[in-house]
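Numbering-wise (my numbering), the sequence shown opens with residue 1 and increments by one. Cβ coordinates follow ideal geometry from the N, Cα and C atoms, glycine included. In this text the structure is predicted, and so the values were computed from the model without any measurement. These notes are about the structure you will find just below.
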Amino acid sequence: MDEGACKGREVMNSYFLDLHIHIGRTLGEQAVKITASRDLRFFEIVREAAERKGIDIVGIIDAASPPVLTEIQDLVRRGELVPLPGGGLNYKDKTTVLLGAEVETGGPRGGAAHFGIWMPDVDSMREFSSWLAERVTNPVLSSQRARCTALELQDKTAELKGMFIVNHAFTPHKSVYGNCVDRASEMLDLAKVTALELGLSADSELADLFSEHDHLTYVSNSDAHSLAKIGREYNRIQAAGTGFRDVKNALLRLEGHGVIGNYGLAPRLGKYHRTYCLECNEVVRADPPVFTCPLCGGSKVVPGVIDRIHAIADRTKPVHPGHRPPYHYQIPLEFIPGVGRKVMDRLLEAFGTEMNVLHQAREAELKDVVGERIARDIVSARNGTLRLVDGGGGKYGKVTL
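And the structure:
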């Protein structure tokens, strides 16, 4: 954590923040997020974030599930999680946990979108969980379709003084722009949006092709479905602390708080960056927007994020508002050829956390631990000079050497 500016009597520090981590199973083996790994249990997530990843603040986005809430309350009772005055739960003075829920609602003309709802504490999440349980088929499972509109979901979030985030806003499945509408204002009150999540296949350059985003803060989160994916995208915030109130102030840019850096995949590595032909099983390679395969002429495709954005955006070039922080293209260590489990363990033993490897370790130090080639590739990833192959259709892009 770096000491930063001072506003009034508050000393500002910088913190790493990842607000989108799923739970696969409870301790009692109940499924929560069906598509998430079984090893994604609450306490394992917190320990991984604190001791291996080096993430200061993590968001558990399945905390509205009643058995998950019960686990959290048990940890608080045992003193393993400590409630913070401004909201949030602290683990060993290393990592703060924020409580969230991913909720699906239908679009005004069809389709569906996911939203992240964040609550200050266990009590407010318990109240939200009860409200949500009356509107979903299975309240234990994450990302359930709620029998309410997005506007009603926003109103309930505001009533409980929570945060409302548009999740993975552009992906072709379960998103506002990719699956529902051309303008978010067609289904949301943008004044009640706390932040917009870019998703793995987009960045600030693409998102700022929409003028309606000019007042919004962007966040880049991992949407982790396994322990290894925690922190593959994250943010650096400037805040007085790590509690819920500090994070909310950062996303709303209040009282000297703010997001000072987005760290995300180079969009070309995202699973849905380009249109993908289901007949040819190929990523389309032509200038966007493309929704018909140039090889077979067919339209049986999974639309790409960049293709959809270029088709519906109201700008041809991005316009970045003054508050927009830099977007740092991040290639997670696991994407780098040769960095398997054993190499990762050596790196963590030498440098402590992934954040230290990605941001602080010098090339000479890396070389002593993992050899010249991998050290060079890690530094090249940091500098954005590795060669990439586009992802699409649910398949990640790749690093090529």
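task: Give a yes or no on whether the C-beta atoms belonging to GLY231 and GLU354 are separated by under 8 Å.
output: For the purposes of this step, residue 231 is taken as the residue at position 231 of the sequence shown. For the purposes of this step, residue 354 is taken as the residue at position 354 of the sequence shown. Cβ distance < 8 Å, so GLY231 and GLU354 count as in contact.
Reduced DSSP category for GLN238 - H, G, I as helix; E, B as strand; rest coil: Within the sequence shown, residue 238 is the residue found at index 238, counting from 1. Strand.
Sequence ranges, beta strand (DSSP E) only - wholly within the segment 219 to 275, length at least 3: 234 to 239 and 258 to 265
message: In the DSSP assignment, the beta strand (DSSP E) including PHE170 goes from what residue to what residue?
response: Start at 1 with the first residue of the sequence shown, and residue 170 comes out as number 170. Unbroken run through PHE170: none, as it is neither H nor E.
message: Taking its Cβ as the centre, do 16 or more other Cβ atoms sit within 10 Å of ASN262, making it buried, or is it exposed?
response: Here residue 262 is taken as the residue at index 262 of the sequence shown, counted from 1. Classification of ASN262: buried, given that the 10 Å Cβ count is 16 or more.
task: Report back the beta-carbon spacing between ASP62 and ILE23 to the nearest angstrom; my notes put them in contact at under 8 Å.
output: In the sequence shown, the residue the question calls residue 62 occupies position 62. In the sequence shown, the residue the question calls residue 23 occupies position 23. Right, their Cβ atoms sit about 4 Å apart.
- prompt: Would you say GLY397 and TYR276 are within 8 Å of each other, going by their C-beta atoms?
  reply: Residue mapping note: residue 397 aligns to position 397 of the sequence shown, counting from 1. Residue mapping note: residue 276 aligns to position 276 of the sequence shown, counting from 1. Going by C-beta atoms, GLY397 is not nearer than 8 Å to TYR276.
message: My output table needs one value for THR353: the three-state DSSP class, helix, strand or coil.
response: Your numbering for residue 353 matches position 353 in the sequence shown. In the structure shown, THR353 sits in coil (DSSP, three-state: anything other than H, G, I, E or B).
- prompt: How many Å lie between MET163 and THR157 at the Cα?
  reply: Taking the sequence shown and counting its residues from 1, one reaches residue 163 at position 163. Taking the sequence shown and counting its residues from 1, one reaches residue 157 at position 157. Using only the alpha carbons, I get a separation of about 7 Å.
query: Any contact of the segment 252 to 259 with the segment 28 to 46, i.e. 3+ C-beta pairs under 8 Å?
result: No contact exists between the segment 252 to 259 and the segment 28 to 46.
message: Per the DSSP calculation, TRP131 is bridged to which residue(s)?
response: As a working note, residue 131 is residue 131 in the sequence shown. In DSSP, TRP131 forms no bridge with anything.
Inter-stretch contact (C-beta, 8 Å, three-pair minimum) for the segment 54 to 72 and the segment 88 to 107: Yes, the segment 54 to 72 is in contact with the segment 88 to 107.
- request: Determine the direct distance from the alpha carbon of LEU190 to that of LEU252, and round the result to whole angstroms.
  value: Locating residue 252 in the sequence shown gives position 252, counting from the first residue. Locating residue 190 in the sequence shown gives position 190, counting from the first residue. Taking the straight line joining both Cα atoms gives about 12 Å.
Pairwise C-alpha distance: ILE306 and THR171: Locating residue 171 in the sequence shown gives position 171, counting from the first residue. Locating residue 306 in the sequence shown gives position 306, counting from the first residue. Distance between the alpha carbons of THR171 and ILE306 is about 10 Å.
message: Using only the alpha-carbon positions, how far apart do VAL11 and VAL290 sit?
response: Here the question's residue 11 lines up with position 11 in the sequence shown. Here the question's residue 290 lines up with position 290 in the sequence shown. Distance between the alpha carbons of VAL11 and VAL290: 49 Å.
task: Determine the contact status of PRO318 and GLU205, defining contact as a CB-CB distance below 8 Å.
output: Residue mapping note: residue 318 aligns to position 318 of the sequence shown, counting from 1. Residue mapping note: residue 205 aligns to position 205 of the sequence shown, counting from 1. Yes, these two residues count as a Cβ contact at 8 Å.
message: Going by DSSP in three states, ALA49 sits in which element: helix, strand or coil?
response: Walking along the sequence shown from the start, residue 49 turns up at place 49. Here ALA49 sits in helix by DSSP.
- prompt: Is there contact here, the segment 123 to 142 with the segment 176 to 194, by at least three beta-carbon pairs under 8 Å?
  reply: No, the segment 123 to 142 is not in contact with the segment 176 to 194.
Close Cβ partners of SER222 (< 8 Å) along its chain, the five nearest in sequence each way excluded: Taking the first residue of the sequence shown as 1, we reach residue 222 at position 222. Closer than 8 Å at Cβ, skipping near neighbours: ASP18, HIS20, ILE21, LYS229, ILE230, GLY231, ARG232, GLU233 and TYR234.
Of the listed residues TYR218, LYS94, ASN179 and ARG373, nearest to GLY110 (C-alpha basis): Here residue 110 corresponds to residue number 110 of the sequence shown, with the count starting at 1. Measuring from the Cα of GLY110, the nearest candidate turns out to be ASN179.
task: Write down every uninterrupted run of the alpha helix (DSSP H) in the segment 94 to 134 whose length is 4 residues or greater and which is fully enclosed by it, in chain order.
output: Within the segment 94 to 134, the alpha helix (DSSP H) runs of at least 4 residues that lie entirely inside it are, in chain order, 122 to 133.
- request: Taking all protein chains shown into account, decide if LEU316 is buried (16 or more other Cβ within 10 angstroms of its Cβ) or exposed.
  value: For the purposes of this step, residue 316 is taken as residue 316 along the sequence shown, with counting starting at 1. The sequence shown places Thr at residue 316, rather than the Leu named in the question. With fewer than 16 other CB atoms across the displayed protein chains lying within 10 angstroms of its CB, THR316 is exposed.
query: Can you give the beta carbon distance from ALA195 to VAL219, rounded, assuming they're within the 8 Å contact cut?
result: Mapped onto the sequence shown, residue 195 falls at position 195. Mapped onto the sequence shown, residue 219 falls at position 219. With 8 Å as the limit, ALA195 and VAL219 qualify as a contact, their Cβ atoms being about 5 Å apart.
message: Pairs of beta-carbons, one from the segment 235 to 248 and one from the segment 48 to 55, closer than 8 Å: are there three or more?
response: No: fewer than three Cβ pairs fall under 8 Å.
Nearest-angstrom Cα separation, counted from LEU84 out to VAL122: For the purposes of this step, residue 122 is taken as the residue at position 122 of the sequence shown. For the purposes of this step, residue 84 is taken as the residue at position 84 of the sequence shown. Near 11 Å, if we compare the C-alpha coordinates of LEU84 and VAL122.
message: I'd like to check one pair, LEU358 with GLY264: are the Cβ atoms closer than 8 Å?
response: Walking along the sequence shown from the start, residue 264 turns up at place 264. Walking along the sequence shown from the start, residue 358 turns up at place 358. Cβ distance not < 8 Å, so GLY264 and LEU358 don't count as in contact.
field: Contiguous beta strand (DSSP E) assignments of at least 3 residues, all confined to the segment 306 to 337
entry: 327 to 330
query: Rounded to a whole number of angstroms, what is the C-alpha to C-alpha distance between ALA5 and ASN13?
result: Indexing the sequence shown from 1 puts residue 5 at position 5. Indexing the sequence shown from 1 puts residue 13 at position 13. Low confidence applies to ALA5: its pLDDT is 43, below 50, so where it sits in the model is not reliable, and the reading given next is rough at best. So the two alpha carbons sit approximately 7 Å from each other.
message: So, with DSSP's three-state summary, where would you put LEU420?
response: Within the shown structure, residues of the chain are numbered from 1 to 401, placing residue 420 beyond reach of any answer.
message: Going by C-alpha to C-alpha distance, which of ILE45, LYS174, ALA133 and ASN90 sits closest to THR105?
response: Numbered from its first residue, the sequence shown carries residue 105 at position 105. Nearest of ILE45, LYS174, ALA133 and ASN90 to THR105, Cα basis: LYS174.
field: With 16 other Cβ atoms within 10 Å as the buried cut-off, status of ASP214
entry: Within the sequence shown, numbered from 1, the residue matching residue 214 stands at position 214. The residue in question, ASP214, is exposed, as its Cβ has fewer than 16 Cβ neighbours within 10 Å.
- prompt: Rounded to a whole number of angstroms, what is the C-alpha to C-alpha distance between ASN90 and GLU363?
  reply: Taking the sequence shown and counting its residues from 1, one reaches residue 90 at position 90. Taking the sequence shown and counting its residues from 1, one reaches residue 363 at position 363. So the two alpha carbons sit approximately 34 Å from each other.
query: How would you call GLY297, buried or exposed, if buried means at least 16 neighbouring beta carbons within 10 angstroms?
result: Walking along the sequence shown from the start, residue 297 turns up at place 297. When all chains shown are included, GLY297 counts as exposed.
field: Opening and closing residue of the beta strand (DSSP E) in which ARG387 lies
entry: Counting from 1 along the sequence shown, the entry for residue 387 is found at position 387. Here the beta strand (DSSP E) through ARG387 covers 387 to 389.
message: Taking 8 Å as the threshold (C-beta atoms), are ARG274 and ASP368 in contact?
response: Within the sequence shown, numbered from 1, the residue matching residue 368 stands at position 368. Within the sequence shown, numbered from 1, the residue matching residue 274 stands at position 274. The answer is no: Cβ separation not under 8 Å.
- prompt: Under the rule that 16 or more other beta-carbon atoms within 10 Å means buried, what is GLN73, buried or exposed?
  reply: For the purposes of this step, residue 73 is taken as the residue at position 73 of the sequence shown. With fewer than 16 Cβ atoms within 10 Å of its Cβ, GLN73 is classed as exposed.
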